[in-house]
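First up is the structure itself, then whatever we jot down about it.
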Amino acid sequence: MSFLFESFKGWKAYCESNHLNLYESVLQYEVSQKGVTEEEIWLGLAKAFEVMKEAVDSGLSEDMTSKSGMINNGAKKVYNFPVAVLSKEFQKLISRALAAKEVNSCMGRVVAAPTAGASGILPGALYTLQEIHSLNDREILEGLLIGAGIALIIEQKASLAGAVGGCQAETGSAAAMASGAIVHCLGGSVDQVFNAVAITIQCMLGLVCDPVAGLVEIPCVVRNASAVAIANSSAQIALAGVNAVIPVDECIEAMGEIGSSMESRYKETAMGGLAATLTGQEISKRVLIQDIEILSDEDLPE
Amino acid sequence: MIGPIMIGPSSSHTAGVVRIARAAIRVLGAVPDSVVITFYNSFARTYEGHGSDKAIIGGLLDLKTDDQRIKQSFEIAKEKGLEYTFKSIGNASVYHPNTIKLNLKNGSKEVEVIGESLGGGIINIAAVDGFKANFSANSFTLIIKAEDISGAIAFISAVITQEKTNIATMSVSRKGKYDIACHVIEMDSGIRKTTIEYLNSLTWIKELIYIPEIDK
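Heads up: the protein sequence lines correspond to chains V and R, in order. Note that the first sequence covers residues 0 to 301 in numbering that gives the first Met the number 0. Note that the second sequence covers residues 0 to 215 in numbering that gives the first Met the number 0.
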């Protein structure tokens, strides 16, 4: 069981030979790893989904201004704007992902899924999915388990941390988790779930982590919105049976390869990309503490 | 992979910071009445923007990593009479990039704790009162300051063995030969109060600090 989440191929084979649904194998794994009962796992998932929905709702109702001022109630503006670019549902989807992520930037409570920087994507996707398709909580929680399985494999084969693999590892992984969950909840097959993950990764490859002033705000918040859009477009493509051509395991390997060859200035160090722009530098000077003590050699701790 | 549930924006700048403070107040044995907080290196510049200042005060007030009151921790500190001073030092290269030093005071008792936030909410308490400590505070930790005498390590571990717990890590450091030695022991499960009292009653043991799981 311990090698189950090393590859998608292995995950599928395990489920087939044991006559398990994808989510059931994750449930088994969680029980064996954490030494808790199935009941406790379901309760934990229900709690997580509740906090996700709470984050969306508070992001759309409470004041969301970050200490730096860069985040300033964007989600509410998007939610309430009278013109819908595509449809009301799309507008809600985008604003919900923004809302949950704004809560994160403003020191509110979120679920790291898989990380805090990508904590708007699953809430935006699943909240909206449940509303549109009138799904019950149990179905959504199954989707969360599938998302967890997907993240376990990505962590094994690549990384989930921006400091290791860039933004593709954080928002890319969260989008992959969300698209797999969506396809499962809408009755897709195992191959369709995997194709959704593969297509999502193909769309997110190469994205660098270049946060302005090192804060989890710009561009992290808007990237949670774009990632949730990609999660949905990939789910739509995969559910229709369109093949990703490059198998999901190989897509993840490509993500790992790109992540490890990415220069460190693009990996959460705030030294490259948007962080290094003229405006990014100016903001950094304004919001970061400047009166730092620099100790002389004899005063340095040993 | 789904979780933890935490206060944003970042596991290393909020969750990890709260946990360092929660470990430190357990070393002190109380919520402090005054504290000097020094943020080092990478933390020195970014602690305010990430809300690590509110996170550390929240942790010192014993708030958990998912407590929504962390955002208002300065106001709560004022109500409870916790006085605090922030310092930032940019060039302590011997320390981990995300290091915090806490000088805590409760009445006449003072302790110094140095903690590192390693990412994902994981921490390392690097030093306690100038002794090397290096514990994660994930399980059950014993810190024993005792006379540096022959057989001390064997004696302490034998007593712990009676508790049917497994020692996960153990480190010992001392100020000097036959001076005071500091034993830091991480265990997989807890030990009974009577055992703690017994160890504490021994004349050669000068101080014992027991830190059960800090997140509970």
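Even glycine gets a Cβ: it sits at the ideal position worked out from N, Cα and C.
Would you please verify whether the beta carbon of residue i is less than 8 Å from any beta carbon of chain R?
{"i": "V:A115", "result": "yes"}
{"i": "V:G271", "result": "no"}
{"i": "V:A168", "result": "no"}
{"i": "V:M305", "result": "Absent from the model: residue 305 of chain V. The displayed extent of chain V is 0 to 301, so no value can be given."}
{"i": "V:I181", "result": "no"}
{"i": "V:I200", "result": "no"}
{"i": "V:N103", "result": "yes"}
{"i": "V:S31", "result": "no"}
{"i": "V:I93", "result": "no"}
{"i": "V:L59", "result": "no"}
{"i": "V:L128", "result": "no"}
{"i": "V:G255", "result": "no"}
{"i": "V:V50", "result": "yes"}
{"i": "V:E292", "result": "yes"}
{"i": "V:K284", "result": "no"}
{"i": "V:G146", "result": "yes"}
{"i": "V:A111", "result": "yes"}
Check the Cβ-Cβ distances between residue i and every residue of chain V, and say whether any is below 8 Å.
{"i": "R:H182", "result": "no"}
{"i": "R:G129", "result": "no"}
{"i": "R:S9", "result": "yes"}
{"i": "R:H49", "result": "yes"}
{"i": "R:V223", "result": "In the structure displayed, chain R extends from 0 to 215; residue 223 of chain R sits before or after that span and is not available."}
{"i": "R:K70", "result": "yes"}
{"i": "R:I4", "result": "yes"}
{"i": "R:R44", "result": "yes"}
{"i": "R:A91", "result": "yes"}
{"i": "R:I88", "result": "yes"}
{"i": "R:M0", "result": "yes"}
{"i": "R:Y177", "result": "no"}
{"i": "R:Y197", "result": "no"}
{"i": "R:D65", "result": "yes"}
{"i": "R:K215", "result": "no"}
{"i": "R:Y94", "result": "yes"}
Starting from the Cα of residue i, find the closest Cα among the options and give me that residue.
{"i": "V:K75", "options": "V:A177, V:A160, V:A96", "result": "V:A96"}
{"i": "R:D147", "options": "R:E206, R:V35, R:K100, R:V16", "result": "R:E206"}
{"i": "V:P210", "options": "V:G161, V:L134, V:K156, V:H18", "result": "V:G161"}
{"i": "V:C166", "options": "V:A243, V:E216, V:Q155", "result": "V:E216"}
{"i": "R:V26", "options": "R:T168, R:G7, R:F130", "result": "R:F130"}
{"i": "R:I155", "options": "R:A43, R:E185, R:A136, R:S135", "result": "R:E185"}
{"i": "V:L277", "options": "V:I291, V:A239, V:A212", "result": "V:A212"}
{"i": "R:F85", "options": "R:S116, R:V35, R:Q67, R:G120", "result": "R:V35"}
{"i": "R:T168", "options": "R:T193, R:F139, R:V158", "result": "R:F139"}
{"i": "V:E53", "options": "R:E47, R:M5, R:I124", "result": "R:M5"}
{"i": "R:L60", "options": "R:L201, R:T37, R:V30", "result": "R:V30"}
{"i": "R:K70", "options": "R:K215, R:N133, R:V17", "result": "R:V17"}
{"i": "V:G279", "options": "V:E15, V:M69, V:S16, V:N20", "result": "V:M69"}
{"i": "R:T193", "options": "R:I75, R:Q161, R:A136", "result": "R:Q161"}
Given a threshold of 16 other Cβ atoms within 10 Å of its Cβ, counted over all protein chains shown, does residue i qualify as buried or as exposed?
{"i": "V:S158", "result": "buried"}
{"i": "R:F73", "result": "exposed"}
{"i": "V:F302", "result": "There is simply no residue 302 of chain V to check, as chain V begins at 0 and stops at 301 in what is shown."}
{"i": "R:I175", "result": "As written in the sequence, residue 175 of chain R is Gly, which differs from the Ile given in the question. Per the 10 Å Cβ criterion, exposed."}
{"i": "V:G107", "result": "buried"}
{"i": "V:S233", "result": "buried"}
{"i": "R:R191", "result": "exposed"}
{"i": "V:F80", "result": "exposed"}
{"i": "V:D62", "result": "exposed"}
{"i": "R:N165", "result": "exposed"}
{"i": "V:I131", "result": "exposed"}
{"i": "V:K100", "result": "buried"}
{"i": "V:R222", "result": "buried"}
{"i": "R:G120", "result": "buried"}
{"i": "R:G80", "result": "exposed"}
{"i": "V:E297", "result": "exposed"}
{"i": "V:G240", "result": "exposed"}
{"i": "V:H18", "result": "exposed"}
{"i": "V:W10", "result": "buried"}
Can you list the alpha helix (DSSP H) stretches of 4 or more residues lying completely in the region 34 to 122 of chain R, in chain order?
40 to 45, 51 to 59, 72 to 79
Indicate whether the contact test is met: 3 or more Cβ pairs, each with one atom in the region 177 to 184 of chain V and one in the region 109 to 124 of chain V, closer than 8 Å.
yes
Jot down the residue ranges of each uninterrupted alpha helix (DSSP H) in the region 169 to 243 of chain V, minimum 4 residues, whole runs only, in chain order.
172 to 184, 189 to 203, 219 to 238
The region 174 to 190 of chain R in contact with the region 135 to 150 of chain R per 3-pair CB rule at 8 Å
yes
Between the region 52 to 65 of chain R and the region 259 to 267 of chain V, are three or more C-beta pairs nearer than 8 Å?
no
Beta strand (DSSP E) runs contained entirely in the region 79 to 133 of chain V, provided each spans 3 or more residues:
108 to 110
Kindly confirm or deny that the region 85 to 100 of chain R and the region 237 to 252 of chain V touch, where touching means at least three C-beta pairs closer than 8 Å.
no
Just to confirm the assignment: which complete alpha helix (DSSP H) runs, minimum length 4, are found wholly within the region 241 to 283 of chain V?
247 to 260
Please give the ranges of any alpha helix (DSSP H) in the region 29 to 83 of chain V, keeping only runs that are unbroken, at least 4 residues long and fully inside the region.
37 to 60, 73 to 79
Report yes or no: do the region 26 to 35 of chain V and the region 81 to 88 of chain V share at least 3 C-beta pairs separated by less than 8 Å?
no
Counting beta carbon pairs with one atom in the region 184 to 204 of chain V and one in the region 140 to 149 of chain V, are three or more of them shorter than 8 Å?
yes
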